[in-house]
Amino acid sequence: MKISMTVPMFRHLTRMTSAWLLGALSLGCVAVPEEDELAEESIAEASAALSGWGFWAWGTTTDYDGIDISSASPQTCVLAGVAGNLNRGGQWSNDVESMAWVGAKYPATGTFLYAHGGAYTDQNNQRVWDNNPVNAQATCFPSNVRDDASWTSDDGSVSPPVKIADLDPNNLRQCYLSGLWGISGAWSSSSRFARVVKKTTTDATHPTTGWYVEANLPSDPYDGSHARVFGTCVDFPLGTVFTSGSVFAAASATNTVAITSGTGIKGCALTGITGALNQNDWNDGAVMTAPSTTSGDWSLSVKNNKTATWACAK
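Numbering (mature numbering (1 follows the signal peptide of the UniProt record, and there is no 0)), first residue to last: -31 to -1, 1 to 283.
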């Protein structure tokens, strides 16, 4: 099926390098390194592994096919940004959920980044695009160790959190948002949220410790369409250091914050977003800027009464 795009690809950034650390120990007489030397080697290993990160951006109103962001090397891709209108779409007949999503085609043919504003079915049973803009960004980490889970909205109540993975005893696991599927009315309120959380203690909605994906998006009361939120966990190499935080912007304002600093290679992505995503504005949401150099710094711009949470690996 031929899909016409009213807005062309307005940005596509990549930074892919092939620096991987391939270590080998020769058997025989090996000197035992000091503790600080082991720490330096671990940091070097983490830096080498992160040097293959990739960053992609894709913004459309009607693109059903997405763009192929696959790599020849193993990778795990997650959302680095989302903006625009995810407040339309559905699941029935020729309806299509609006989405900012990193996923795979079926049958699996690689990793794709999807961004569009959803569609509905008209009286002639034809698909009609809502023509709402959605901007999605993805960060790809050079890793083939991952866990995925998805949360689905319930009818008339809030669905409980969904567990993605157990805690990592080495604290080298970090989880991110990897997809948002919106339907009519899902993102109409400033109190709406989608996020991944790390739980080190249990409670009524998190019965075991671990990483969870959770949200408070409603289903469509008229046709029963369900919103979905996807979370993905990445296991990083020994020596990786994580930083995290949040950025808030007041109504009608934009707040841009540097989220990394110092030397070394870093990779960043979103862990959560709170606020209404119902404006036909390519930048109304949370949008990251990746560094122009391999070891440069990342920034995050948040707009119009929203809060975004993030995590970076270094």
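The beta-carbon is built from N, C-alpha and C at its ideal position, and this holds for glycine as well.
Going by DSSP, which residues form a beta bridge with residue i?
| i | result |
| --- | --- |
| T80 | A73 |
| G53 | V103 |
| Y33 | Looking at the DSSP assignment, Y33 forms no beta bridge with any residue, so it has no partner. |
| K272 | T223 |
| V210 | Answer is none; V210 lacks a bridge partner. |
| L246 | Beta-bridge pairing links L246 to no other residue. |
| V278 | First, the amino acid is wrong: residue 278 is Thr here, not Val. Bridge partners of T278: S215 and G241. |
| H85 | M68 |
| K168 | G179 |
| A26 | Q106 |
Along the chain, where does the beta strand (DSSP E) containing residue i start, and where does it finish?
| i | result |
| --- | --- |
| I133 | V131 to A134 |
| F199 | R197 to D204 |
| Q143 | R142 to G151 |
| T223 | T223 to A227 |
| A184 | G179 to A184 |
| D117 | R115 to T121 |
| A255 | G254 to T258 |
| R161 | First-last for R161: undefined, no H or E at that position. |
| Y89 | A88 to T90 |
| T243 | G236 to T243 |
| V127 | Taken as a continuous stretch (DSSP letters only), V127 belongs to no beta strand (DSSP E), as it is neither H nor E. |
| S42 | Premise fails: S42 is in no beta strand (DSSP E) and is neither H nor E. |
| W98 | R96 to W98 |
Grab me the residues of residue i's own chain with a C-beta within less than 8 Å of its C-beta, minus the 5 sequence neighbours each way, in chain order.
| i | result |
| --- | --- |
| residue 286 | Given a span of -31 to 283 for the chain in the structure shown, any question on residue 286 remains unanswerable. |
| S62 | T90 and N94 |
| N139 | L207 |
| S230 | D266 |
Within a Cβ cutoff of 7 Å, which residues of the same chain sit near residue i, ignoring the five residues on either side of it in sequence?
| i | result |
| --- | --- |
| S42 | G21 and P111 |
| G154 | N56, P187 and D189 |
| Y89 | G59, D64, V97 and D99 |
| V71 | C46, V47, L48, T80, L82, A107, S147 and G148 |
| V226 | V216, S268 and L269 |
| K275 | A218, I242, T243, G244, G254 and A255 |
| residue 284 | Nothing about residue 284 can be reported from this structure: the residues present for the chain run from -31 to 283 only. |
| residue 316 | Absent from the model: residue 316. The displayed extent of the chain is -31 to 283, so no value can be given. |
| D37 | G79 and F81 |
| V127 | N185 |
For residue i, which residues from the same chain have a beta carbon less than 6 Å from its beta carbon, with the 5 sequence-adjacent residues on both sides left out?
| i | result |
| --- | --- |
| C109 | G23, Q44 and C46 |
| V271 | V216, A218, N224, A255 and A277 |
| G28 | F(-22), A84, N104 and W251 |
| F205 | L141 and A282 |
| I152 | G58, G59, E66, D189, S194 and A196 |
| A69 | V51, A84, V103, A105 and L149 |
| S159 | G244, A245 and N274 |
Legend entry - the segment 189 to 206 touching the segment 111 to 126, judged by at least three CB pairs closer than 8 Å: yes
Inset, instruction - Determine, using beta-carbon pairs with one atom in the segment 248 to 267 and one in the segment 224 to 234, whether at least three such pairs fall under 8 Å. - result: yes
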